[in-house]
Amino acid sequence: MTKLKSKDFRKTPNLAQLEEEILQFWEDEQVFEQSLKQRENAENFSFYDGPPFATGLPHYGHLMQSMIKDLIPRYQTMKGKYVRRVWGWDCHGLPIENLIEKGLNLKDKQAIEDFGVAAFNQACQARVLTYAKDWEKTIKRIGRFIDMKNAYKTMDKTYMESVWWVFKELYKKGLIYQSHKVMHICPRCSTPLSNFEVTQGYQEVKDLAVTAKFKLLNDDGNTYFLSWTTTAWTLPGNMFLAVNPDLDYVLVESKAKNEKYYLAKARLTEVFVDQDYQVIRTVKGQELIGLNYQPIFPYFTNLKEDLDLPIEARKLLFSVQAAQFVNLDEGTGIVHIAPAFGEDDYQLGESLLNFSQLDNHAKSKLFIQHVDFSGRFIEAVTDFAGMEVKAKDQPQATDVEIIRYLAKKDLLFAKKQITHSYPHCWRCDSPLLNYATSSWFVEVSAFKEELLKNNQAINWQPAHIKDGRFGNWLAEARDWAISRNRFWGTPLPLWQSEDGDLICVASADELEKLSGQKINNLHKEFVDEILIEKDGKIYRHLPEVLDCWFESGAMPYAQFNYPFANQELFEKNFPANFISEGQDQTRGWFYTLHVLATALSMSNDKFESSLNKANTSAFENVMCTGLIMASDGKKMSKRLNNYPEPQVILDKYGADSLRLYLLSSAAVKAETLNFEEQEVADIRRRIFLIWWNILAFYQTFADQNFDKLDLEQEKEISHVLDRWLLSRLTTLQKKLVNYLDNFDVMRATRLIAPFINDLSTWYLRLSRERFKNDDSKEASQVFASVLTVSAQLFAPIVPFFTELVYQQLNKEGKSIHLSDYPKILDFYQDKKLEAEMRELKQLVELGHAQRKSVQVPLRQPLASITFNKAASFKNNTELSAILKQELNVKEILWGQENEKDLSAVFDLELSADLEAEGTARQIVRRIQNWRKKAGLKVDDKVSAYLKTWPNQFTNMIEEKTNTQLIRAKIEGLKDQVED
Ligand SMILES: [Zn+2]
């Protein structure tokens, strides 16, 4: 067995270097593997690792999550559970596709198709684990115990196969459907995104708001409807104007322009700011309905005359219609409607024209999509054909062109620069378009009640997320768009015949049976080639792939290739006892885990559970972390160089300091943390250097020849400080266990600093003399036991330093992480004593402050101190003795008054004896300083030449300083000790 080398604790430590040494020790001893092995048959505690995308290096957020994912499993392991810990990689989806597109200079989807899907997917696969080695290094360096060798990968065939199984189970339950809806699409990626992907990408942007004039037909030729929009590029697709029938509208005349306008009465002053106008009349919106207007752009005016189209539809085109969603919050109270570009627009278009009832021919004409899926104007929009409507680098450019066109035709009423929140692609940052398209959906709305119910059984940390951020999101749950018009992902397991029949496939085996072909790979370039022939019909594979969030949500099943393999392992680990990620995952991984588990396990009159468990979420306890920003409150940015790299921090202060800093911050309670390097430095100094000095004290003064105390056998402890320390330890442990059992990592980790402080500045300081004496057996035993037990208690939080402590005190060399978590030893807890000690500390602080104010140094003994209020321990001789010693007084007098504010008065009169004792103490201090300067060790005995000292204290001085006093006789020689 390798052993950690013994340390000389009198030297200043290099914590980072020590940690590297400990990592090597763990590796040599296979401590992680051993810790699993020794719990093989123990009770299971299941943990799921949320798969990160390996498209970049780990940042502080990842590190903090990894620290939590290390702490809780370490704790549970020490408590006797078996905690399987296997890493995962998210391999598919837009993040990696975008990287490859950039690398190969493929500027859009068409370019990928020209390049070849097979070659593109190969490039993705080759790149996907580029950073895996760097991750391994960093994750290991922070001390995390995790199996990365056997990591599951979402691109594995076994994983993808289980994703198909999940899809098919939902499909069988009737929870999967295809529909044409208005969704957000990324024009650059040419794919729809799910609503939770969209919520991740809102940014404040500048846009142009425009008020356009729509000329009323059959009138005097100078009356217009004013309509306001922030998406001028949708104007060529205009089909209707909408008014609210219940609101008041006015017709006003503009003197300057000799024109008349309709708009909502309540918006009048806002729209006509600084302009002269006269109200001609007021009407209800209802009265405007049915009025026809001249379309601004000529591209689709011929539809009105197209005899192939139903006459009712043609009559409605380019007219004013009623809509309740029209409000007075902004604009003119008249809304321009382009049914293919907005959810309200789509609903109104559908209710007027019944797109879904039209035959394909009529629908293709009437459902105007003047912009294609890649975000460019179509050929029919002759003046702008091919232009990107919202280019990523120049998002306003096209709106400017449209505005120019309006101005030229004298149809521009006003334009204005505005700032608003606009959604962008979470991967490529392009502005999204609201676009009607076809997609496959999970009908989440059908089991919203079940989602809410299963959420109630989850323990959220912090608790407010349950009914707040997560609960609200569930309550508003929309159907989930799960198909992506992309390449590198798990393909939809659907094959379709010419006449629309579908076959859903659940596994590679099933596909082999159906197609008669060997299936080695489930990626798109392979399965697109597979045809299924059934009952004389040919079924072709649908081209879309699944949302990568569907894949990560399927992780509980897919990591085990369930149900095709590992049934027992799956059942043992489902649902997870514990998961932890960033709070943004309430709309990401937490959500998709919850949706899929709820859908699969639903069991009621309508549904049967697909699992062995019914009506459950995928996890029982979840911790949400917050964001980590730079110290200036901005996002950490390489460009701004506003933060230190994690490796730099690890090298400077060690992983334990970073762990303690992050884990004790409110960021583990989903709050935002501004990273302060100084605070990591402070933790190193305030905690680890003090802890180090405690070990130095132990090494120097404690008697290490006694057996360790077996605390679990109740012992009579004689000294009050030892009894207090054991009680303090027990109380600490009870709190710590309570916090960790409830996943309150912040409160748990915050217990370390005050305990180390008490140990150092209270227990050790007061016990110094005892340790130097011969009768230090009990003190040494208690001290060693408390050092050991507290190291075990804190081991899951700061695994390196506690290992060091444990190795120093336990010569057999077994890792602390293979030890059992200490039992709570109630019989040492003495709450009364702890309360009395707290009071005593207060009195000491008060006394010291008082000494300072009367300017009598502490080493000068005084006759007495009088406290105005009697302490609860005033009859306790042991505690009174400590108080006397701490305040250096001969007597303590207690007042009777029942005062609110505590006060103290010293008797400052010095008797000859007191004065002599003060002088003796001063000499002791001078000799000790002198010894220190000369570099003498504690047991080096020397002589000191002094002219004079108080005779009655000779022994005291000689004992305390291990020095022989000699009367200096040489005339003119000064004392050979200096202050
Ligand atoms: Zn995109």
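With numbering that gives the first Met the number 0, the residue at position 854 of the sequence shown is 853, and numbering never jumps. Note that CB positions come from ideal geometry on N, CA and C, so glycine has one too.
Determine the closest residue to residue i out of the options, with distance taken between C-alpha atoms.
i	options	result
GLU203	THR300, GLY220, PRO394	PRO394
ASN194	PRO422, ILE401, ALA118, PHE166	PRO422
GLY632	GLN124, ILE279, TYR74, LEU672	LEU672
GLN791	MET836, LEU731, HIS335, GLY846	LEU731
LEU626	LEU639, GLU670, PHE618, PHE589	GLU670
GLU387	THR397, ASP69, VAL855	THR397
SER161	LEU763, LEU595, ASN897	LEU595
LEU174	PHE799, GLN23, ALA445	ALA445
GLN849	GLU833, THR157, PHE866, ARG837	PHE866
LEU365	PHE324, TYR404, PHE317	PHE317
LEU287	MET154, VAL319, PRO309	VAL319
THR233	LEU103, GLY374, LYS101	GLY374
ASN458	PHE213, ASN620, PHE440	ASN620
THR947	LEU935, TRP929, ALA967	ALA967
ASN875	PRO860, ILE891, ALA862	ILE891
PRO542	ASN326, LEU510, GLN495, LYS264	GLN495
Roughly how many whole angstroms lie between the Cα atoms of residue i and residue j?
i	j	result
ASN603	GLY587	27 Å
ASN43	ILE823	22 Å
ASN887	ILE864	9 Å
ASN842	LYS733	According to the sequence as given, residue 842 is Leu; it is not Asn. The straight-line gap from Cα to Cα measures roughly 27 Å.
GLY200	TYR805	48 Å
SER766	GLN646	40 Å
VAL249	ASP527	59 Å
LYS813	LEU710	19 Å
THR787	LEU808	7 Å
LEU513	ARG539	12 Å
ALA870	VAL853	23 Å
VAL923	ILE956	6 Å
ILE648	SER656	9 Å
TYR434	ALA211	22 Å
SER437	VAL544	14 Å
GLN368	PRO294	16 Å
GLY917	ILE881	19 Å
ALA150	ASN565	16 Å
GLU678	GLN109	51 Å
PHE700	PHE52	52 Å
VAL976	ASN950	The predicted model places VAL976 with a pLDDT of 47, which falls under 50 and marks its position as unreliable; any figure quoted below should be read in that light. Distance between the alpha carbons of VAL976 and ASN950 is about 17 Å.
GLU914	ARG920	10 Å
PHE372	ILE578	38 Å
ASP275	SER429	41 Å
MET1001	LYS36	Outside the displayed range of the chain (0 to 978) lies residue 1001, so it cannot be described from this structure.
VAL30	PRO821	19 Å
PRO12	GLU524	57 Å
SER551	LYS465	21 Å
ALA983	LYS810	It is not possible to answer for residue 983, since the shown part of the chain is limited to 0 through 978.
Report yes if the C-beta of residue i is less than 7 Å from at least one heavy atom of ligand 1; otherwise report no.
i	result
SER34	no
So with Cβ pairs under 8 Å, would you call residue i a contact of chain C?
i	result
PHE144	Here chain C cannot be found, since the structure has a single protein chain.
Applying the 10 Å Cβ sphere with the 16-neighbour rule, what's the burial state of residue i?
i	result
ALA666	buried
LYS637	exposed
LEU491	buried
ASP382	exposed
ASP978	Because ASP978 sits at a pLDDT of 37, beneath the cut-off of 50, its placement in the model cannot be relied upon, and the following sentence gives the value as read from the coordinates. So ASP978 ends up on the exposed side.
ALA462	exposed
ARG727	buried
THR953	exposed
GLN780	buried
GLN582	buried
TODO: Closer than 6 Å is what we want: which residues have a beta carbon that near any heavy atom of ligand 1? List them in chain order.
DONE: Listed by chain position, these are CYS185, ARG187, CYS188, CYS424, ARG426, CYS427, SER429.
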